[in-house]
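So this note's numbering is basically just the index in the sequence shown, starting at one, shifted up by 4.
Beta carbons: idealized from backbone N, C-alpha and C, even for Gly.
Just so we're clear, the structure is a prediction, and the values are computed from it rather than from any experiment.
To keep things clear, I will list the structure first and then write my remarks on it.
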Amino acid sequence: MSSGSKSMDLTPDVQQSGFLVRLARGAYAVLIAPARAFLAVRRAMTPASVSVLLFAIVTLNIIWGFPWLGLFSACVGVLIAGCLIHFITLPSLDTQFSLPNSAPQGQPFQVTIHAQNRSVLPALDFGFAFAPPTLPRRRWFFRRRKTSPGYSVQQSPQHNLFLSAGDSATHTAVLTYHRRGMRTLPDTVVSGSFPFHLFASSVDTPSTITMPITPPPLTGEDEHAKGLLNNLGGWSHKLLSGDQLDYTGSREYEAGMSVRRWDFPSWARLGIPIVREFQSPSIQHVFLIIDTALEEQMNANEDGTYPAFEQMLSLATTAIHDLAKQTVRLKLFVTEKPLEHDPALKMANPLNKSDNSATFLSDTDTESMLIKLAAAEPIKAQSADKQISTAMEIAGRAPTLILTTRSLTELSTNALDSCTVMRTDSPQHANAMPRTRPLRRTTTPHTQAV
Numbered sequence: 005m006s007s008g009s010k011s012m013d014l015t016p017d018v019q020q021s022g023f024l025v026r027l028a029r030g031a032y033a034v035l036i037a038p039a040r041a042f043l044a045v046r047r048a049m050t051p052a053s054v055s056v057l058l059f060a061i062v063t064l065n066i067i068w069g070f071p072w073l074g075l076f077s078a079c080v081g082v083l084i085a086g087c088l089i090h091f092i093t094l095p096s097l098d099t100q101f102s103l104p105n106s107a108p109q110g111q112p113f114q115v116t117i118h119a120q121n122r123s124v125l126p127a128l129d130f131g132f133a134f135a136p137p138t139l140p141r142r143r144w145f146f147r148r149r150k151t152s153p154g155y156s157v158q159q160s161p162q163h164n165l166f167l168s169a170g171d172s173a174t175h176t177a178v179l180t181y182h183r184r185g186m187r188t189l190p191d192t193v194v195s196g197s198f199p200f201h202l203f204a205s206s207v208d209t210p211s212t213i214t215m216p217i218t219p220p221p222l223t224g225e226d227e228h229a230k231g232l233l234n235n236l237g238g239w240s241h242k243l244l245s246g247d248q249l250d251y252t253g254s255r256e257y258e259a260g261m262s263v264r265r266w267d268f269p270s271w272a273r274l275g276i277p278i279v280r281e282f283q284s285p286s287i288q289h290v291f292l293i294i295d296t297a298l299e300e301q302m303n304a305n306e307d308g309t310y311p312a313f314e315q316m317l318s319l320a321t322t323a324i325h326d327l328a329k330q331t332v333r334l335k336l337f338v339t340e341k342p343l344e345h346d347p348a349l350k351m352a353n354p355l356n357k358s359d360n361s362a363t364f365l366s367d368t369d370t371e372s373m374l375i376k377l378a379a380a381e382p383i384k385a386q387s388a389d390k391q392i393s394t395a396m397e398i399a400g401r402a403p404t405l406i407l408t409t410r411s412l413t414e415l416s417t418n419a420l421d422s423c424t425v426m427r428t429d430s431p432q433h434a435n436a437m438p439r440t441r442p443l444r445r446t447t448t449p450h451t452q453a454v
């Protein structure tokens, strides 16, 4: 009873402290409201309003008379009335976007903004567009870091004179993202300059729409990339060259039918022409496993990306595009963070408590595979080893290609002859693997095959 009474006694204290915090925040907002209003008006002033203000100041330096007093009153009235009308009629828009499901890194794509006026007043003399990319500000005695913007936007300025309440307007822009990942669309900037361009204000609306930016296909820009593409092409050629026709039986020859091979023993025994029939083999299942774990000594660039990791994903994109065109059934698996590190996913899947579950994506939807690569992030090696082991058990004896940037010595005991490991990191990071390892490894010219 005593513990219960103590817990109940703490509730009024908590409510009182919360009330005091809200009261302090309200008082602070009231105190700084004039300063915020002054700064907003100052930022919204245009050359037109500045000219009116200067003319009003000039009229104060002249001996007051009827004409000068009237001019001063007119200038002040225009400024006050224009300021109030400007902020009252500032557009309030709801934005929606028309965009593709995904886009490759470095390739432009079109986005259409649909803006609807949600205010009861009509929107006058306004415009809306994507916010341009911003660079970090230069501080005193510090050099500005040479960082490239994450995206670029191409759009023509569009100005709307009138938009009734509830009506919609559109704006088209071309975006290009220069980094892979799940990227958020740029903020939407709504600007207004009513009345008579005396004041101009803009409101930034943060976007909550994410866009998967997939890795670009690997190009042979250097010798290392050419070696990776040659290894991938050799593995694919070896995989597809093994496809042969399956023998299904023999039958009597009929005029006009195509003959691939005569069945001479049956012909001699029966005395009539007999031919052998063949058919194409069933669709072969191929598994592609992407290992997203990194070596401990691998360093990131200034923008937080790992060049070897991005190159591996680009090679995976090339493999997906090439194998999707062949007579094979491709299945993709990408190692990812366990659910225990993501509370949202853990709440959505409370029954899945293991971190070594494997989920394959079929090539029936190639874009889903590329989106999976777009969301790939580096994870711990221990978690990746468990997931790869589970994925290899699911693959069985089917042809399997593992792309990685590290040595997979922990998986040597569970390896199969049908599995091929291709290490894609640069020559200075790749170490020679022991020859006793049962995994077949496809390497670039700077390493040795095992």
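**Asked** residue 9 to residue 98, Cα distance in whole Å?
**Response** Position 5 of the sequence shown, counted from the start, is the residue given in the question as residue 9. Position 94 of the sequence shown, counted from the start, is the residue given in the question as residue 98. In this prediction, residue 9 scores a pLDDT of 44, lower than 50, which makes its location untrustworthy; the coordinate-derived value is nonetheless stated afterwards. Each residue's Cα considered, the two are about 50 Å apart.
**residue 51 versus residue 80 - alpha carbon distance** = By one-based count along the sequence shown, residue 51 stands at place 47. By one-based count along the sequence shown, residue 80 stands at place 76. Looking at the two C-alpha atoms, the distance is approximately 16 Å.
**Message:** Given this structure, state the Cα-to-Cα distance separating residue 22 from residue 76, to the nearest angstrom.
**Reply:** Working through the sequence shown from its first residue, we reach residue 22 at position 18. Working through the sequence shown from its first residue, we reach residue 76 at position 72. The straight-line gap from Cα to Cα measures roughly 50 Å.
**Item:** CB of residue 315 within 8 Å of CB of residue 189, strictly
**Value:** Counted from its first residue, the sequence shown places residue 315 at position 311. Counted from its first residue, the sequence shown places residue 189 at position 185. Not in contact: residue 315 and residue 189 (Cβ atoms no closer than 8 Å).
**Message:** Between 152, 126, 125 and 92, which has its C-alpha nearest residue 138's C-alpha?
**Reply:** On the sequence shown, position 134 is the one that residue 138 refers to. With distances taken between Cα atoms, residue 138 lies closest to 152.
**Asked** What residue does the alpha helix (DSSP H) around residue 230 start on, and which one ends it?
**Response** Position 226 of the sequence shown, counted from the start, is the residue given in the question as residue 230. Segment 227-245, the alpha helix (DSSP H) holding residue 230.
**Prompt:** Of all the alpha helix (DSSP H) runs that stay within the bounds of the region 51-114, which reach a length of 4 or more residues?
**Reply:** 51-64 and 70-92
**Prompt:** Pairing CB atoms from the region 53-61 with CB atoms from the region 164-175, are three or more of them under 8 Å?
**Reply:** no
**Per-residue DSSP class, three states only, for residue 213** = Numbered from 1 along the sequence shown, position 209 holds the residue referred to as residue 213. Coil, per DSSP.
**Request:** Measure the alpha-carbon distance for residue 268 versus residue 109 and round it to whole angstroms.
**Result:** Within the sequence shown, the letter at position 264 stands for residue 268. Within the sequence shown, the letter at position 105 stands for residue 109. One C-alpha to the other measures close to 59 Å.
**Message:** Nearest by alpha-carbon distance to residue 205: which of 409, 330, 44 and 34 is it?
**Reply:** Translated into the one-based positions of the sequence shown, residue 205 becomes position 201. Ranking 409, 330, 44 and 34 by Cα distance to residue 205 puts 44 first.
**Prompt:** Expressed to the nearest angstrom, what Euclidean distance is found between the alpha-carbon atoms of residue 351 and residue 387?
**Reply:** Within the sequence shown, residue 351 is the residue found at index 347, counting from 1. Within the sequence shown, residue 387 is the residue found at index 383, counting from 1. Residue placement at residue 351 is poorly supported in this model, since its pLDDT is 43, which falls under 50; the coordinates are not used for a value here.
**Asked** If we call anything under 8 Å between Cβ atoms a contact, is residue 428 one with residue 299?
**Response** Along the sequence shown, one-based indexing puts residue 428 at 424. Along the sequence shown, one-based indexing puts residue 299 at 295. Contact flag unset, no.
**Item:** Whole beta strand (DSSP E) elements within the region 170-221, 3-residue minimum
**Value:** 172-181, 185-188, 192-196, 205-209 and 214-218
**Asked** How big is the Cα-Cα spacing for residue 157 and residue 28?
**Response** Here residue 157 corresponds to residue number 153 of the sequence shown, with the count starting at 1. Here residue 28 corresponds to residue number 24 of the sequence shown, with the count starting at 1. Looking at the two C-alpha atoms, the distance is approximately 42 Å.
**Message:** To the nearest angstrom, how far is the alpha carbon of residue 279 from that of residue 255?
**Reply:** Translated into positions along the sequence shown, residue 279 becomes position 275. Translated into positions along the sequence shown, residue 255 becomes position 251. So the alpha carbons of these two residues sit roughly 6 Å apart.
**Asked** Is it buried or exposed for residue 32, if we count other Cβ within 10 angstroms and need 16 for buried?
**Response** Counted from its first residue, the sequence shown places residue 32 at position 28. Exposed, by the Cβ-count rule.
**Message:** Under DSSP, the alpha helix (DSSP H) around residue 426 begins and ends at which residues?
**Reply:** Looking up residue 426 in the sequence shown gives position 422. Counting along the chain, residue 426 falls outside any alpha helix (DSSP H), though it belongs to the beta strand (DSSP E) covering 423-427.
**Message:** Measuring alpha carbon to alpha carbon, tell me which residue in 85, 87, 192 and 86 is nearest residue 116.
**Reply:** Mapped onto the sequence shown, residue 116 falls at position 112. Answer by Cα proximity: 192.
**Message:** Could you tell me the alpha carbon to alpha carbon distance between residue 170 and residue 342, rounded to whole angstroms?
**Reply:** To locate residue 170, count along the sequence shown from 1; it is residue 166. To locate residue 342, count along the sequence shown from 1; it is residue 338. Their Cα atoms are separated by approximately 45 Å.
**Inter-stretch contact at 8 Å, needing at least 3 Cβ pairs: the region 290-298 / the region 380-396** = yes
**Message:** Considering only the alpha carbon of each residue, which of 47, 177, 26 and 187 lies closest to residue 379?
**Reply:** In the sequence shown, the residue the question calls residue 379 occupies position 375. Considering only alpha carbons, the answer is 187.
**Message:** Pull the bridge partners of residue 266 from the DSSP assignment, please.
**Reply:** For this step, residue 266 is matched to residue 262 along the sequence shown. Paired residues: 279.
**Message:** Check for me: the beta strand (DSSP E) holding residue 288 runs from which residue to which?
**Reply:** Walking along the sequence shown from the start, residue 288 turns up at place 284. 288-294 is the span of the beta strand (DSSP E), which, as asked, contains residue 288.
**Reference residue 127, options 136, 96 and 104, closest by Cα** = Translated into positions along the sequence shown, residue 127 becomes position 123. It is 96.
**Message:** At the level of alpha carbons, what is the spacing between residue 200 and residue 87?
**Reply:** Against the sequence shown, residue 200 aligns to sequence position 196. Against the sequence shown, residue 87 aligns to sequence position 83. Each residue's Cα considered, the two are about 11 Å apart.
**Asked** Apart from the five residues just before and just after residue 197, which ones in its own chain have a Cβ nearer than 6 Å to its Cβ?
**Response** Your numbering for residue 197 matches position 193 in the sequence shown. 129 and 204, listed in sequence order.
**Request:** Ignore the nearest five residues each way along the sequence and tell me which others in residue 330's own chain have a CB closer than 8 Å to its CB.
**Result:** Within the sequence shown, residue 330 is the residue found at index 326, counting from 1. Taken in chain order, the residues that qualify are 240 and 244.
**Item:** residue 231, buried or exposed, once every other Cβ within 10 Å from all chains shown has been counted against 16
**Value:** As a first step, residue 231 must be located in the sequence shown, where it is residue number 227. Buried: at least 16 other Cβ atoms inside 10 Å.
**Message:** To the nearest angstrom, how far is the alpha carbon of residue 34 from that of residue 375?
**Reply:** Here residue 34 is taken as the residue at index 30 of the sequence shown, counted from 1. Here residue 375 is taken as the residue at index 371 of the sequence shown, counted from 1. Whole-angstrom Cα-Cα distance: 48 Å.
**Prompt:** Does the beta-carbon of residue 312 have 16 or more other beta-carbons within 10 angstroms, so that it is buried, or is it exposed?
**Reply:** The residue labelled residue 312 in the question sits at position 308 within the sequence shown. Its Cβ being crowded by 16 or more others within 10 Å, residue 312 is buried.
**Asked** By DSSP, does residue 326 sit in helix, in strand, or in coil?
**Response** As a position in the sequence shown, residue 326 is number 322, starting the count at 1. If DSSP states are grouped into helix, strand and coil, residue 326 belongs with the helices.
**Request:** Report, in whole angstroms, the separation of the C-beta atoms of residue 422 and residue 404, which I expect to be a contact under 8 Å.
**Result:** Position 418 of the sequence shown, counted from the start, is the residue given in the question as residue 422. Position 400 of the sequence shown, counted from the start, is the residue given in the question as residue 404. Between residue 404 and residue 422 the Cβ distance is about 6 Å, and since that is below 8 Å, they are a contact.
**Asked** residue 172 and residue 118: beta carbons closer than 8 Å?
**Response** Along the sequence shown, read from residue 1 onward, the residue named residue 172 stands at position 168. Along the sequence shown, read from residue 1 onward, the residue named residue 118 stands at position 114. In this structure, residue 118 lies closer than 8 Å to residue 172 by Cβ.
**Message:** DSSP three-state label for residue 346, please.
**Reply:** Numbered from its first residue, the sequence shown carries residue 346 at position 342. Confidence at residue 346 is low in this model, with a pLDDT of 48, below 50, so its placement is unreliable and the value that follows should be read with caution. Coil, per DSSP.
**Asked** By Cβ distance, which residues of its chain are closer than 8 Å to residue 123, with the 5 residues on each side in sequence left out?
**Response** Taking the sequence shown and counting its residues from 1, the one referred to as residue 123 is at position 119. Once the five neighbours on either side are set aside, the close Cβ partners of residue 123 are 95, 96 and 169.
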